[in-house]
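Remarks on the structure that follows.
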Amino acid sequence: LFYRDCVLASKAEVNHNSQLFRLHFPQGTVLQVPVGRHVFLKALIQDTDVVRPYTPVGQSLVAASHHSSQDSDLYLMIKVYPDGVFTKYLNSLRVGDHISVSGPEGVFSLRCFRDVTNLYLLAAGTGFTPMARLVSLVLQENTIRLTKLLFFNRREEDILWRSQLSELAAKDERFQVEHILSEPSDSWTNRTGRVDEAMLKELLVRPSGSRCYVCVCGPSAFTELTVRLLKQLGFSEEELHTFQG
1 LFYRDCVLAS
11 KAEVNHNSQL
21 FRLHFPQGTV
31 LQVPVGRHVF
41 LKALIQDTDV
51 VRPYTPVGQS
61 LVAASHHSSQ
71 DSDLYLMIKV
81 YPDGVFTKYL
91 NSLRVGDHIS
101 VSGPEGVFSL
111 RCFRDVTNLY
121 LLAAGTGFTP
131 MARLVSLVLQ
141 ENTIRLTKLL
151 FFNRREEDIL
161 WRSQLSELAA
171 KDERFQVEHI
181 LSEPSDSWTN
191 RTGRVDEAML
201 KELLVRPSGS
211 RCYVCVCGPS
221 AFTELTVRLL
231 KQLGFSEEEL
241 HTFQG
């Protein structure tokens, strides 16, 4: 892989353990990362090259159409794990520090959305990151009738970009979001539990004459279980795409 040297232009808090990193490329360098693809970050940590994949998000969900076409910076939403060697290193970086970024990798293609009327996005935790740009894109394209995000988290404070998701759903009837918590507080009034067949059967409606497509991203156990449940409900391989969480 070819790596470019980037500068950390800013860091902004997203929630209690995640941050939005803005990486700036050297003058004359442009990196276009197709929607659904990821990049690798590389750093020398204790004399060892450590590499991790991250999927770029937009600067914002609700201001997607207002972004400058000149904005070639890369935005990465990164959860900092207490025992994570790499994320602790990233968290220690200061504005102006450098980091190595690869070119785009992955196999996702927007061709899979051809003729799709109902798009379902199932994300657990930071598995939300590939879904962020997908949501912005399909709402701009105006061809898919319904895009529904099922967002699985442990607790309410873990939900990434919650207010932006609510704002987007309020202003565009083609977008719906369902939050599901596995460790809710007593005040939580929305859905609870973990992914199961009954939940998916209720939420992933297949209207007569519709063409559905499902994208899944999260920890490997979540993804494997979800794909198995979807197949039990009659979704075919051609109607599914899994991102690596």
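According to UniProt numbering, the sequence shown is numbered sequentially starting from 1.
Built from N, CA and C at the ideal position, the CB exists for glycine as well.
Query                                                                                        : Result
Simplified DSSP assignment, three categories, for T192                                       : strand
Local Cβ density within 10 Å of L23, reported as buried at 16 or more and exposed below that : buried
Beta-ladder partner(s) of S100, from DSSP                                                    : D5 and K42
Nearest-angstrom Cβ-Cβ length linking Q19 and I78, presumed shorter than 8 Å                 : 6 Å
Three-state class that DSSP yields for P34 in the structure shown                            : coil
Cβ-Cβ distance between V138 and T126 below 7 Å                                               : no
N-terminal and C-terminal residue of the alpha helix (DSSP H) that P130 is part of           : T129 to E141
Beta carbon of L93 nearer than 7 Å to that of L8                                             : yes
Pairwise C-alpha distance: G106 and D115                                                     : 23 Å
Endpoints, beta strand (DSSP E) assigned at N118                                             : N118 to A124
Distance between F113 and L160 (C-alpha atoms, nearest Å)                                    : 25 Å
A124 versus S60: straight-line alpha-carbon distance, rounded                                : 19 Å
Bridge-paired residues (DSSP) for Y75                                                        : R22 and V57
Nearest-angstrom beta carbon gap, C215 and L150 [assumed within contact, 8 Å]                : Not really, about 11 Å apart at Cβ, beyond 8 Å.
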